[in-house]
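Data block below; observations after.
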Amino acid sequence: SLRESTSCIASSIYENRTINGRAYQAPRPEYWAPTDNQHTEGNDIAHQYTLMLMENKLYAAPIKNPKKILDVGTGTGIWAMQFPEAEVIGTDISAVQPSSAQLSPASCRQTARSKSMTPSSNRCSRSRSTSFTRAISLRHRRLAQAVLASLCPPQARRPGKDQHLKRVGQFNGLYIDLSLDGFAVFPVGQVLGWTLEEVPALVSSMRKKLEDPKSLPYYNL
């Protein structure tokens with residue numbers, strides 16, 4: 001069958017483990033984020049506002065009609081439908097992408113990641129972002145030393161004053177609202193050892209801080 005000939009999926013990819021009401025990869029979570037519908041919906045919303053910022057361009061690399069695409073950390077992969085002639089290679093830890101993706105060696109590689117909530121336009125959180133900034137700078141250097149010829153991350157501050165960026169900001173706010181709990185459950189609850197009561201309290205406090213007009217957080221994309 002098409003499924004048997006084009007996919008190589010271990011049975012464990014269909015299993016999951018529940019932590020604080022959220023589903024994670026099984027048998028034990030090594031990836032920090034949930035893999036349930038709430039988190040994947042947030043990823044799709046993030047894809048939408050990123051596409052809006054990129055003027056409906058799926059990538060910035062100077063490539064026309066890509067034929068082989070490697071998917072690394074790009075969410076649910078809904079964008080792959082726009083490349084019907086390409087072979088899209090997925091690297092899933094859970095079964096969130098279509099099983100009909102054809103697997104083969106990739107010749108086109110592009111990675112897109114965001115620096116989430118590390119800077120602030122009024123410096124209130126910059127003192128806490130040093131470790132994240134160093135890690136991201138190291139990642140950029142490693143990518144440049146590997147197979148990529150150049151790195152040119154676009155930057156935009158959202159929501160901004162114009163209506164388009166305000167719309168982007170609304171999508172971004174919805175993404176944060178859906179994803180904030182998932183950002184904390186495993187890293188804070190499982191890794192740092194916080195209790196079932198402490199984690200929701202932290203998330204609630206984070207929501208209030210994000211809604212505070214004085215904090216003005218933003219992140220580079």
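Take the sequence shown: its position 59, counting from 1, is numbered 59 in full-length UniProt numbering, and each next residue is one higher.
Built from N, CA and C at the ideal position, the CB exists for glycine as well.
Only a predicted model underlies this, so the values are computations on that prediction, with no experimental measurement involved.
{"Asked": "Classification of residue 55 by the beta-carbon crowding that lies within 10 angstroms, buried from 16 upward", "Found": "exposed"}
{"Asked": "Whole-angstrom distance between residue 34 and residue 210, CA atom to CA atom", "Found": "21 Å"}
{"Asked": "The beta strand (DSSP E) enclosing residue 16, as first and last residue numbers", "Found": "16-19"}
{"Asked": "Residue 45, DSSP secondary structure in three states", "Found": "helix"}
{"Asked": "Reduced DSSP category for residue 70 - H, G, I as helix; E, B as strand; rest coil", "Found": "strand"}
{"Asked": "Contacting residues, own chain, Cβ-Cβ under 7 Å from residue 207 (five flanking each side not counted)", "Found": "180"}
{"Asked": "Cβ-Cβ distance between residue 47 and residue 79 below 8 Å", "Found": "yes"}
{"Asked": "Strand pairing of residue 191, partner residues [DSSP]", "Found": "Per DSSP, none; premise fails for residue 191."}
{"Asked": "Whole-angstrom distance between residue 24 and residue 18, CA atom to CA atom", "Found": "6 Å"}
{"Asked": "Segments assigned alpha helix (DSSP H), at least 4 residues, entirely inside the region 166-213", "Found": "198-211"}
{"Asked": "Backbone secondary structure at residue 23 - three-state DSSP", "Found": "strand"}
{"Asked": "Pair within 8 Å by beta-carbon distance, residue 171 and residue 45", "Found": "yes"}
{"Asked": "Beta-carbon proximity list for residue 15, same chain, < 6 Å, skipping 5 on both sides", "Found": "26"}
{"Asked": "Sequence-distant residues of its chain with Cβ nearer than 7 Å to residue 36 (five each side left out)", "Found": "22 and 23"}
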